[in-house]
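J.:
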Amino acid sequence: MEVPIPDPQQPVTPTSQGHMDRHRQNDWGSVQYDSRFDEYWIVAGSARQCLFYCPWCGEKLPPSQRNAWFEKVETLGFDPWGDTLPEAFRSEAWRTTSVT
Ligand SMILES: [Zn+2]
């Protein structure tokens, strides 16, 4: 899945790289992790190419939470492209804590 849209809100640097924590060969950041969306991706020109399987071990990666992120932001009445969002939406916190 190619995602040409720009990111409306820059993510905070995650404390965990998720699945990539298992792979020290990823130390140079070949595979990027966006904790907001639980997405793994590589640079593809000016876009992101999402990964569905781990390139190191072949394990299936978790499904993207991108659509859920947008739905949640909009449900709370924010404009994801313009508004300053609560800190929780710049990390995985929105999925793991209750944000009102
Ligand atoms: Zn793996």
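47 is the number of the first residue of the sequence shown in the working numbering; add one for each residue after it.
Positions of the beta carbon are idealized from the N, C-alpha and C atoms, including for glycine.
Tell me, which residues are paired with VAL89 by DSSP?
T.: In the sequence shown, residue 89 corresponds to position 43, counting from 1. VAL89 is bridged to ARG94.
J.: Given this structure, state the Cα-to-Cα distance separating SER62 from CYS103, to the nearest angstrom.
T.: In the sequence shown, the residue the question calls residue 62 occupies position 16. In the sequence shown, the residue the question calls residue 103 occupies position 57. Answer to the nearest angstrom: the Cα atoms are 18 Å apart.
J.: Do the segment 121 to 137 and the segment 89 to 105 make contact, defined as three or more Cβ pairs closer than 8 Å?
T.: Too few Cβ pairs lie closer than 8 Å, so no.
J.: So the alpha helix (DSSP H) GLU138 belongs to, where does it begin and stop?
T.: Numbered from its first residue, the sequence shown carries residue 138 at position 92. No alpha helix (DSSP H) contains GLU138, which DSSP labels as neither H nor E.
J.: Cβ-heavy atom distance between TRP87 and ligand 1 below 7 Å?
T.: Sequence index remark: in the sequence shown, residue 87 carries index 41 (1-based). Not so, every heavy atom of ligand 1 lies at least 7 Å from the Cβ.
J.: Could you spell out where the beta strand (DSSP E) holding GLN78 opens and where it closes?
T.: Taking the first residue of the sequence shown as 1, we reach residue 78 at position 32. GLN78 -> beta strand (DSSP E) spans 78 to 80.
J.: Candidates MET66, GLN71, ARG82 and SER76: which alpha carbon is nearest GLU133's?
T.: As a working note, residue 133 is residue 87 in the sequence shown. Nearest option by C-alpha distance: ARG82.
J.: With a CB to CB cut of under 6 Å and the five nearest residues on each side skipped, what residues in its chain are close to GLN78?
T.: Indexing the sequence shown from 1 puts residue 78 at position 32. So the qualifying residues of the chain are TRP87.
J.: Apply the 10 Å Cβ neighbour rule to GLU117 and answer buried if 16 or more other Cβ atoms are within range, or exposed otherwise.
T.: Mapped onto the sequence shown, residue 117 falls at position 71. It is exposed - the Cβ of GLU117 has fewer than 16 other Cβ atoms within 10 Å.
J.: For ligand 1, which residues count as neighbours when the test is a C-beta closer than 6 Å to any heavy atom?
T.: Per the Cβ criterion, the list is HIS65, ARG68, HIS69, CYS100, TRP102, CYS103 and GLU105.
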